[in-house]
Every structure is written in C-alpha cells, then in structure tokens.
Amino acid sequence: MTTKKTERPQKTTRTVATNRKAFFDYEILDRYEAGLVLTGTEIKSIRAGKIDLRDAYARPQNGELWLVNAHIAPYDAGSVNNHDPKRPRKLLMHREEIAKLKSIVAEKGVTIVALSLFIKGHVAKVGLGLARGKRQYDKRRTLINKDMDREARRALGTVR
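With numbering that gives the first Met the number 0, you'll find the sequence shown wraps up at 159, consecutive numbering, no jumps.
1) Rounding to the nearest angstrom, what Cα-Cα distance links Arg149 and Asp137 in this structure?
2) What residues in its chain sit with their C-beta under 7 Å from that of Glu41, if we drop five residues either side in the sequence?
3) Name the two residues that bound the continuous alpha helix (DSSP H) containing Arg94.
4) Could you check which residue in Leu127, Thr141 and Leu66 has the C-alpha nearest to that of Leu37?
5) Hey, could you find the ends of the alpha helix (DSSP H) Arg19 is sitting in?
6) Starting from the Cα of Asn68, find the closest Cα among Ser78, Leu114 and Tyr25 and give me that residue.
7) Quick one: what's got a C-beta closer than 6 Å to Ser44's C-beta in the same chain, skipping five residues either side?
8) So, helix, strand or coil for Asp29, using DSSP?
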C-alpha cells in the first residue's frame, strides 16, 4: 500500500516596503534574504506598512549581522512599552553567509544595503543587497535611460 505525499501550500509573500533610493544610488552586485528579530509592537507596525528603509544598511558585528537606521514607526495602539523606532535590529542568517558577507564588506567601497522588507508566511524578512556606490555620471545615465525607455513605451502605446 502506497502512501500519498501531500504537498504543502506555497507561503504567500507580501512586500511591505522597498528602498527605491538604493537602486538609484548603488549598483547591486548580489542579493540575500535574512530574517528579523522584532518585538510585538514592531511587527504590528510593519504589518500596517509604517516602515522606512531609505537609509537602512546592515553591519556585521561580533559574528552577527545588524540592521541599522531602519525606522519602524511606533505602534499607534501601543502603550508605554512601545519600541524605539531607530534601534538596531538583529538579522538572522547562516553563520557561513555572515562570514562571507563580512569578508566582502571589508573590501573598500562595498556595503550591505536593505532593499526591501516583506512578510513571507507569518515571518518578517528583509531583502539585502551587496552594493557598490554609483558615481554622479552613472546616476545621470540611469535617469537618461529611464526617460528614453518611457518615451519608447509611450510611442509604442500610441501606434497600437
């Protein structure tokens, strides 16, 4: 008698916040995913979408990875025990991945930037990017290319 193997349903993923400024200011070399250690009021604020990743980055410290400068607004219905909005938050990754990132970041001009924050299943995760800063002329070139693509799409839309 054979047993049926039941498949688990896919975990739903909902993007809560993206760091659009990071894609403009940095060249993204590689992407990673890490879990977040949060308090109760922080996860409630995140689910409400009250998070700002604009200046957020990750820093390796004592064999751990920390998310710095991510602003999670205080929970509206929170009491006196509400969280500090700018506190550093611990990121959860495998030890080997953290060691690899630490060695790469030791190289000059490379940093770990928070790209997005999403909820996968019931767990909050942050998308990290290994990034190198763009020069001013690279940023201008990006804007020019975006404008040209927009014009091309607009022209194709009028032809159809």
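Glycine residues also receive a C-beta, built at the ideal position from the N, C-alpha and C atoms.
As the structure is a computational prediction, the values presented were derived from the model and not from experiment.
The short version:
1) 18 Å
2) Ile71 and His82
3) For Arg94, the uninterrupted alpha helix (DSSP H) run begins and ends at Arg94 to Val104, by DSSP.
4) Leu66
5) It spans Arg19 to Asp24 - the alpha helix (DSSP H) in which Arg19 sits, taken as one unbroken run.
6) Leu114
7) Ile71, Ala72 and Tyr74
8) It is a strand residue.
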